[in-house]
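Peer 1:
Numbering (my numbering), first residue to last: 129 to 368.
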């Protein structure tokens with residue numbers, strides 16, 4: 129039984145470069161399938177060009193210096209000791225993540241659609257449960273932290289490209305099901321703007337430090353998560 133276009137698009141979103149025989153046969157079955165595959169490959173290449181960051185030569189020294197800094201009050205910084213161990217893995221795993229000088233997107237709206245189509249369903253399919261310290265390690269890279277209301281429901285978290293630099297892509301385990309949040313540290317948005325594309329909706333959130341996009345299916349009520357995200361991504365306390 130041949131793969132229909134809906135099944136093909138789902139497979140394309142999860143594995144755009146798949147060598148599965150059924151997938152390849154479906155791609156070659158009609159111009160519509162081939163055009164969708166070529167578009168996905170072009171997007172894969174566009175995003176791949178956004179990732180290029182050598183591990184700094186002084187990475188070990190930076191982590192050591194961070195470890196020697198005085199700790200904050202427990203209620204604000206209780207995650208720091210364990211996060212130090214995770215930070216080395218995060219930094220090494222981030223090799224290859226430097227923003228290309230060519231932004232690649234003409235607007236935040238175009239970026240959100242492209243990014244989600246490229247990586248959203250695939251990341252949701254790998255959803256699990258991230259640790260509190262892993263979440264804080266990634267956010268600390270951008271001088272922000274996540275309040276427990278957000279950090280405790282993160283299922284997957286990783287670096288990603290944004291219109292103005294590196295950011296964070298995560299999946300939240302909510303009562304409505306998994307919801308995608310993209311944190312954009314250097315990007316401004318129109319607060320509470322709602323986008324609708326494919327079978328999902330996105331709401332943009334202006335933050336004290338950067339912005340975010342919350343993306344979910346149209347029956348998940350993503351506007352209800354606006355306050356959770358808006359109030360939970362916070363600048364790190366001033367250490368001076």
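All residues carry an ideal CB built from backbone N, CA and C; glycine is no exception.
So, with DSSP's three-state summary, where would you put residue 345?
Peer 2: Three-state result, residue 345: strand.
Peer 1: Look at the Cβ atom of residue 284, then the Cβ atom of residue 299, and state whether they are nearer than 8 Å.
Peer 2: Cβ atoms of residue 284 and residue 299: closer than 8 Å.
Peer 1: Could you tell me the alpha carbon to alpha carbon distance between residue 294 and residue 269, rounded to whole angstroms?
Peer 2: Their Cα atoms are separated by approximately 10 Å.
Peer 1: Just the Cα atoms here: how many angstroms apart are residue 219 and residue 308?
Peer 2: Legend: pLDDT at residue 219 = 38, less than 50; position of this residue unreliable, value from coordinates given subsequently. One C-alpha to the other measures close to 23 Å.
Peer 1: Between 244, 164, 337 and 346, which lies nearest to residue 362 when the distance is taken from Cα to Cα?
Peer 2: Considering only alpha carbons, the answer is 337.
Peer 1: If you measure between the beta carbons of residue 335 and residue 342, is that distance less than 8 Å?
Peer 2: For residue 335 and residue 342, no; Cβs fall outside 8 Å.
Peer 1: Count the other CB atoms within 10 Å of the CB of residue 139; is the residue buried (16 or more) or exposed (fewer)?
Peer 2: Per the 10 Å Cβ criterion, buried.
Peer 1: Any idea which residues DSSP pairs residue 363 with across the strands?
Peer 2: In DSSP, residue 363 forms a bridge with 272.
Peer 1: Answer with buried or exposed for residue 325, where buried requires no fewer than 16 other C-beta atoms within 10 angstroms of its C-beta.
Peer 2: By the neighbour-count rule (16 or more Cβ atoms within 10 Å), residue 325 is not buried but exposed.
Peer 1: Please classify residue 204 as buried or exposed, where buried requires at least 16 other C-beta atoms within 10 Å of its C-beta.
Peer 2: With a pLDDT of 41 at residue 204, under the threshold of 50, the predicted position of this residue should be treated as unreliable, though the coordinate-derived value follows. With fewer than 16 Cβ atoms within 10 Å of its Cβ, residue 204 is classed as exposed.
Peer 1: Quick one: residues in its chain with C-beta nearer than 8 Å to the C-beta of residue 327, no 5 flanking neighbours on either side, listed in chain order?
Peer 2: For residue 327, where only same-chain residues beyond five positions count, the Cβ hits under 8 Å are 345 and 346.
Peer 1: Pick from 322, 305, 297 and 323: whose alpha carbon is nearest that of residue 313?
Peer 2: For the residues 322, 305, 297 and 323, the minimum Cα distance to residue 313 belongs to 297.
Peer 1: Around the C-beta of residue 199, are 16 or more other C-beta atoms found within 10 angstroms, so that it is buried, or is it exposed?
Peer 2: Note that residue 199 scores 47 on pLDDT, short of 50, meaning its location in the model is unreliable and no value can be drawn from it.
Peer 1: Could you tell me how far apart the beta carbons of residue 236 and residue 332 are, in whole angstroms, since I believe they sit closer than 8 Å?
Peer 2: With 8 Å as the limit, residue 236 and residue 332 qualify as a contact, their Cβ atoms being about 7 Å apart.
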